[in-house]
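Each remark here refers to the structure printed beneath this line.
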Amino acid sequence: MVTFLPTRPGRLADVPSFERGIGGAESNVACALAAAGHSVRWVSRVGADGFGDHLVEAIGSYGVDVSSVGRDPARPTGVYFRTAGERGTGGHEVAYYRAGSAASAMSVANVDLGAARAGRVLHLTGITAALSAGCRGLLRELLAAGPDRPLVSFDVNHRPELWRDVDGTDMVLECARRADVVFVGEDEAWGVTGGPEAIRESLPEPGVLVVKQGAEGATAFVSAAGRRALAARFPAPLGPGADPESPGEASSPAFVPALDVDVVATTGAGDGFAAGFLSALLRGLSLKTCLRTAHLWAAATLTAPGDLATPPTRDTTDRLAAVDDDTWETLRLGPGWTQADRAPEEVRTP
């Protein structure tokens, strides 16, 4: 979607002007990964209008392959407006205008399934599932078992306000059960309470389950089958114990605390987190490093005003992800920390 960000704080009724940006859970992940040097394709549909032109050009400028983005001459590109308040607070407002949009009309019939399945990883989210019955059918098709299915990453992203006449809980849970790597926040886990272990107990199927615990941190679970599946696709994934010839055992849960961040805006941080984790996974890094990279990329978004932020450079990511535990817990990140010309000031310690 095209995103309109307010030029000043206040209610939507009071904000006089907005700045145009780009937004969308899947495209945010695509842009962040491409900016970090990965080969990425975005598969979607936009209207044959100026906003569609803007999205294709802006997302392509990050290095994303947009050749499989369809143009719908009969439906517009979706847009949304939001206030400067944080999600989950009384001051946060979001106004979506995407009912009947080109993306909401995606289906098995009008999306290039071959292009979607061509990469090593296919990333999907529960946002798409909320758009229409056709979108739900598309996700079911992409999650179906088959010889050409890539590793499927699924970010639950359960937003009850997007589900108009359907309870989305069953659908997002269905998708999560069929995916290989799943990201879910404690606050969106289909009513499960009791922490990450309880969520894992309710969702044993994915080989990798990452439970986001807000400002506390994140916990990752990896099953033995999950390790074997990853080892078939990636070089030495998630550290020792990934030998595909050895059944092995499930990994002990890995917890990495969140960073102390001077938050500018929270929107899009979950997408940055997922992109960071997938980037480290594609590089064959350890589970702990995957989680730390995820936190660092989320911090890049948290310290920027828009839905999307360029992630830290690979050198910066690797340097900070490799610090000892005590140093990690003392890192302080503020606006501008990812900029190369501010490298000496990018991290503050007490």
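Be aware that the sequence shown starts at 50, since it is given in the working numbering, and climbs by one per residue.
Glycine included, each C-beta is placed from N, C-alpha and C at the ideal position.
- Between T56 and the set M50, S66, A62, the nearest pair of CA atoms involves S66.
- Look at G319 here: in three-state DSSP terms it is helix.
- In this structure, DSSP gives D364 a helical state, which the three-state scheme calls helix.
- In this structure R213 is exposed. Its beta-carbon is surrounded by fewer than 16 other beta-carbon atoms within 10 angstroms.
- Remark: C-beta atoms of V313 and T359 do not approach each other more closely than 8 Å.
- DSSP, reduced to helix, strand and coil, places T359 outside both helices and strands of the structure shown, so it counts as coil.
- Annotation: V205 to L173 spans about 9 Å, alpha carbon to alpha carbon.
- A direct Cα-Cα distance of roughly 16 Å separates R120 from A164.
- Of the residues assessed, E265 falls on the exposed side of the cut-off, its CB having fewer than 16 other CB atoms within 10 angstroms.
- R368 places its beta carbon 8 Å or farther from that of R282.
- Just measuring C-alpha positions, the residue of P306, V128, A154 sitting nearest V143 is V128.
- One alpha carbon belongs to W346, the other to V89, and they sit about 17 Å apart.
- With contacts defined by Cβ atoms closer than 8 Å, V201 and L192 form a contacting pair.
- Counting only the Cα atoms, D114 lies some 18 Å from N159.
- Following the DSSP letters along the chain, one finds R208 in no beta strand (DSSP E), marked with neither H nor E.
- Less than 8 Å separates the beta-carbon of L340 from that of F326.
- With a beta-carbon spacing of about 4 Å, A79 and W91 fall inside the 8 Å limit used to define contacts.
- As computed with DSSP, D63 is found in no beta bridge at all.
- Just measuring C-alpha positions, the residue of E246, R227, V231, A274 sitting nearest G319 is V231.
- By the neighbour-count criterion, in which a residue is buried when 16 or more other Cβ atoms sit within 10 angstroms of its Cβ, R60 is exposed.
- For F100, the enclosing alpha helix (DSSP H) starts and ends at 99 to 109.
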